[in-house]
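Chemist: Count along the first sequence from 1, then add 11; that gives the number in our numbering. One structure follows; several queries about it will come next.
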Amino acid sequence: MRLSPAVRLSEYFMPTLRETPSEAEIVSHRLMLRAGMIRQESAGIYSWLPTGYRVLRKIEQIVRDEMDRIGCHEVLMPTIQSADLWRKSGRYEDYGKEMLRITDRHEREMLYGPTNEEMITDIVAEHIKSYKDLPRMMYHIQWKFRDEVRPRFGVMRGREFLMKDAYSFDISPEAGRISYNKQFVAYLRLYARMGLKAIPMAADTGPIGGDMSHEFIILAETGESQVWCNTDLLELDLLNMDIDHRNAEQMSDVIGKVTSYYAATDEMHDEAKYQAEVPADKQMTARGVEVGHIFFFGDKYSAPMNAKVQTADGSFAPVQSGSYGVGVSRLVGAIIEACHDDNGIVWPEEVAPFKVGLINLRVGDEACDAACEDFYAKLQAAGVDVMYDDRDMRAGVKFADMDLIGLPWQVVIGPKGVANGIVELKSRKTGEKEELSPEAALAKLVG
RNA sequence: CGGGGCGUAGCGCAGCCUGGUAGCGCAUCUGCUUUGGGAGCAGAGGGCCGUUGGUUCGAAUCCAGCCGCCCCGACCA
């Protein structure tokens, strides 16, 4: 799981492109290709190259942290599933052509999983027999395949994609709401930690009904759906609300507050309600990208799949479930959509492939090399992720590459600065440059 | 799944209309000069022109099929 803390660009694989490959239309796709993060293998299917893969893993890790925090435990289910499992739930026929069906050498019908409700329900059915074993929550982070008619926008809508899907199991719908709320709170936190403003919006619950489905949408010009919301919602400091997930009442209050503001995608938008509830100066309409979807569906799968537990009075009841998805690979693109400028990507620090990019302006100059090596070693010793550009190339190329890949901090060390005992520290986000002693720069980066 | 477009060097493209030994820029390699925001000069390498078939003395170019990819719409984490 651990990411290597430091790399030298002279030995790293990061094939940056000066020109944009012609297939890429939207900004995140263009930048991911130009930054050498991914390579397309087939429509909607990508290889993840070193920098791209690092970002993917950083996002995964944030998701893990937040799942662990609410007592949701990681498992790993296979990508290949048996058709029989899906026949039990009735979805084998319903899913249609989006499901990739395959046959093994014994002519057994298999499929590449588009999701895992059936499998996790089957696991629970076998092992959970009593209401005393509930509640339980589990998740996994696994590749999914949905044979979209038209994959597009790079990793934002691939056919193969990495998803975190969590599942909750409770004895009653009331208990189910508590699990749902825990996930809701975890979602608020995990997106905030990635530097994103993800807005929870009521989603269509379909035949189940009720108010227990939300989509999490981040705002981006190239988003696929139109959204309307109250700007007050964007001001909430979600990370510092300090919610105790063991306190059901407090969680419920917080979620009540967050969901009290008007926020809707086009499929749920009610113009009259919007005009009535949201003051004119707080109205905002924008484009959004769905980066998560949570859903309570009761016994939809547990009933047909016979996942029952014995209750306190000795009778049997199907477990009550919900599922909670985060599009992990989609988030890589979505974050770039929300965080870039004309020169390239501007990573939020928590998901950046490296925190610091160290640029040696004159490789081969003894003093300059020594100063860079020293700084590089000290960053590593302090546990700071660093990419050291020790390639023997012109300054302009290094600056352009570093801006393109978007590491939050750039440390520029050149012969002139070395002679005067200073390095330059640049913030990718603000573009501000400071000339500092190496010690002062290091202190800022380690903090 | 409906509509549109594109496959020529690693990337971006020209050539195709009007058939006659495949070109430009960037990248790569060599040398020299340069060196704080994508350097200059000189030289070099690299192509089954997506694929199959047809027309023709001759096809990147014309015709047909197939494959792949992209865009717009309807659908999805």
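All C-beta atoms in this analysis are idealised placements derived from N, C-alpha and C, irrespective of residue type, glycine included.
What does the Cβ neighbour count give for Ala-363, buried or exposed, with the cut at 16 atoms within 10 Å?
Modeler: As a first step, residue 363 must be located in the first sequence, where it is residue number 352. Buried, since its Cβ has 16 or more Cβ neighbours within 10 Å.
Chemist: In whole angstroms, what is the alpha-carbon distance linking Met-279 and Ala-46?
Modeler: As a working mapping, residue 279 is identified with position 268 in the first sequence. As a working mapping, residue 46 is identified with position 35 in the first sequence. Their Cα atoms are separated by approximately 37 Å.
Chemist: In whole angstroms, what is the alpha-carbon distance linking Tyr-272 and Val-429?
Modeler: Here residue 272 refers to the residue found at position 261 when the first sequence is read from its first residue. Here residue 429 refers to the residue found at position 418 when the first sequence is read from its first residue. So the two alpha carbons sit approximately 54 Å from each other.
Chemist: Please determine, among Arg-41, Asp-281 and Ser-93, the residue with the shortest C-alpha to C-alpha distance to Glu-118.
Modeler: Along the first sequence, one-based indexing puts residue 118 at 107. It is Ser-93.
Chemist: Pair every Cβ in the region 175 to 190 with every Cβ in the region 315 to 330, then say whether three or more of these pairs are closer than 8 Å.
Modeler: A contact exists between the region 175 to 190 and the region 315 to 330.
Chemist: For Phe-24, which residues in the same chain have their Cβ closer than 7 Å to its Cβ, ignoring the five residues on either side in sequence?
Modeler: On the first sequence, position 13 is the one that residue 24 refers to. Closer than 7 Å at the Cβ level, and outside the excluded window around Phe-24, lie Leu-60 and Pro-61.
Chemist: Within the continuous beta strand (DSSP E) that includes Leu-415, where are the two ends?
Modeler: Within the first sequence, numbered from 1, the residue matching residue 415 stands at position 404. Leu-415 -> not in any beta strand (DSSP E); alpha helix (DSSP H) instead, spanning 406 to 416.
Chemist: What is the residue span of the beta strand (DSSP E) that Ala-274 lies within?
Modeler: What you label residue 274 is simply residue 263 of the first sequence in a count that begins at 1. It spans 274 to 276 - the beta strand (DSSP E) in which Ala-274 sits, taken as one unbroken run.
Chemist: By Cβ distance below 6 Å, which residues in the same chain neighbour Lys-444 in space, the five residues on each side in sequence not counted?
Modeler: Translated into the one-based positions of the first sequence, residue 444 becomes position 433. Closer than 6 Å at the Cβ level, and outside the excluded window around Lys-444, lie Glu-435 and Lys-437.
Chemist: How would you call Gly-7, buried or exposed, if buried means at least 16 neighbouring beta carbons within 10 angstroms?
Modeler: Since the first and last residues shown for the chain are 12 and 458, residue 7 lies out of range.
Chemist: If you check the beta carbons only, do Met-316 and Lys-99 fall under 7 Å apart?
Modeler: As a first step, residue 316 must be located in the first sequence, where it is residue number 305. As a first step, residue 99 must be located in the first sequence, where it is residue number 88. A contact, by the Cβ cut-off of 7 Å.
Chemist: Do the region 144 to 151 and the region 78 to 98 touch if we need at least three Cβ pairs shorter than 8 Å?
Modeler: Flag = yes, the region 144 to 151 and the region 78 to 98 touch.
Chemist: Under the assumption that Arg-170 contacts Ile-56 (Cβ atoms under 8 Å), give the Cβ distance between them as a whole number of angstroms.
Modeler: The residue you call residue 170 lines up with position 159 of the first sequence. The residue you call residue 56 lines up with position 45 of the first sequence. 6 Å between Cβ atoms; contact.
Chemist: Could you check whether Ile-228 and Leu-207 sit closer than 7 Å to each other, using their CB atoms as the reference points?
Modeler: The count along the first sequence starts at 1 and reaches residue 207 at position 196. The count along the first sequence starts at 1 and reaches residue 228 at position 217. Not closer than 7 Å, so no.
Chemist: For the pair the region 60 to 79 and the region 368 to 375, tell me if three or more CB-CB distances fall below 8 Å.
Modeler: Verdict: no, contact absent.
Chemist: CB Val-343 to CB Val-38, shorter than 7 Å?
Modeler: Taking the first sequence and counting its residues from 1, one reaches residue 343 at position 332. Taking the first sequence and counting its residues from 1, one reaches residue 38 at position 27. Contact flag unset, no.
Chemist: Alpha carbon to alpha carbon, what distance is there between Val-238 and Gly-299?
Modeler: Locating residue 299 in the first sequence gives position 288, counting from the first residue. Locating residue 238 in the first sequence gives position 227, counting from the first residue. Going by the C-alpha atoms only, they are around 6 Å apart.
Chemist: Which partner residues does Asp-352 have in the DSSP bridge list?
Modeler: As a working mapping, residue 352 is identified with position 341 in the first sequence. DSSP, once it has assigned bridges, lists Gly-355 as partnering Asp-352.
Chemist: Helix, strand or coil: which one does DSSP assign to Leu-247?
Modeler: Translated into the one-based positions of the first sequence, residue 247 becomes position 236. Coil at Leu-247, not helix or strand.
Chemist: Quick check: the Cα distance between Ile-49 and Asp-222, rounded to an integer number of angstroms?
Modeler: On the first sequence, position 38 is the one that residue 49 refers to. On the first sequence, position 211 is the one that residue 222 refers to. The alpha-carbon atoms of Ile-49 and Asp-222 are separated by roughly 38 Å.
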